[in-house]
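All remarks here apply to the structure that follows.
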Amino acid sequence: MGLSNHVAPSDGILILLVANTALSVSLLRDLILSFLCLFTSQQPDVIGASSDGEPSFRDRFFDRFEPVRFGSAKRCADCCVCLNRFEPESVVSWLNCGHLLHKRCLETWMEYRHATCPMCRAHLLPGEEN
């Protein structure tokens with residue numbers, strides 16, 4: 001009784017089969033990716049990085065949008081990612097959507113291969129939505 005995130009036989013055999021198949025495929029995919037990462041010398045790059053010397057997505061972003069010191073702004077603000085309050089000496093990045101993040105938080109977000117704002121999903125580099 002109550003809410004459960006597990007499929008029970010009482011939900012129906014078709015739903016049970018679909019849920020178990022989806023779970024099995026997901027686990028198999030994760031297992032294959034783990035083996036590929038283990039047995040290959042290549043590590044996943046930051047999005048947009050290429051081996052032919054082209055700058056990574058992170059490099060292109062910080063070339064267009066320089067991080068700045070938060071300074072002594074009159075308003076209080078928190079980072080959208082780590083939820084910590086900005087200190088006057090904090091290095092921050094203003095996104096074109098208006099959100100404000102610590103530079104390190106944004107770099108970590110990009111390391112997870114994200115090219116959008118963590119709050120509103122606006123593209124970090126307009127015109128590069130591919």
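Take 1 as the starting number for the sequence shown in the UniProt record's numbering and just add one per residue.
Every residue gets a Cβ at the ideal spot worked out from N, C-alpha and C, and that includes glycine.
Anticipated Cβ contact below 8 Å, residue i with residue j, distance rounded
i: C117; j: L95; result: 5 Å
i: F65; j: S93; result: 6 Å
i: V91; j: W109; result: Their Cβ separation, rounded to whole angstroms, is 15 Å, which puts V91 and W109 out of contact at 8 Å.
Sheet register partners of residue i (DSSP bridge)
i: T116; result: H123
i: V91; result: R69
i: D78; result: R85
i: H99; result: Answer is none; H99 lacks a bridge partner.
When the options are compared against residue i, the one with the closest alpha-carbon
i: E89; options: V81, G71, R104, L100; result: G71
i: R68; options: F35, R104, S34; result: The sequence shown places Val at residue 68, rather than the Arg named in the question. For the residues F35, R104, S34, the minimum Cα distance to V68 belongs to R104.
i: M119; options: P55, L101, I15; result: L101
i: residue 153; options: L14, F61, L28, S34; result: In the structure as shown, the chain starts at 1 and stops at 130, and residue 153 therefore has no counterpart that could be examined.
i: G98; options: S34, A77, P55, T21; result: A77
i: R113; options: I32, L33, S56, L31; result: S56
Buried versus exposed call for residue i [16 or more other C-beta atoms within 10 Å across all chains shown]
i: S26; result: exposed
i: A115; result: buried
i: L124; result: buried
i: L36; result: exposed
i: R121; result: exposed
i: L106; result: buried
i: R85; result: exposed
i: R58; result: buried
i: Q42; result: Because the pLDDT of Q42 is 49, which lies under 50, any placement of that residue in the model is unreliable, and the question is left without a value.
i: G48; result: Confidence in G48 is poor, its pLDDT being 47 and thus under 50, which makes the residue's placement unreliable; the coordinate value appears in the next sentence. Classification for G48: buried.
Residue i: CB within 7 Å of a non-hydrogen atom of the ligand GDP
i: C120; result: Only the bare structure without any ligand can be found here, which leaves the ligand GDP out of the picture.
Test: residue i CB closer than 8 Å to a CB of chain B
i: L124; result: Of the chains in the structure shown, none is chain B; there is only one protein chain.
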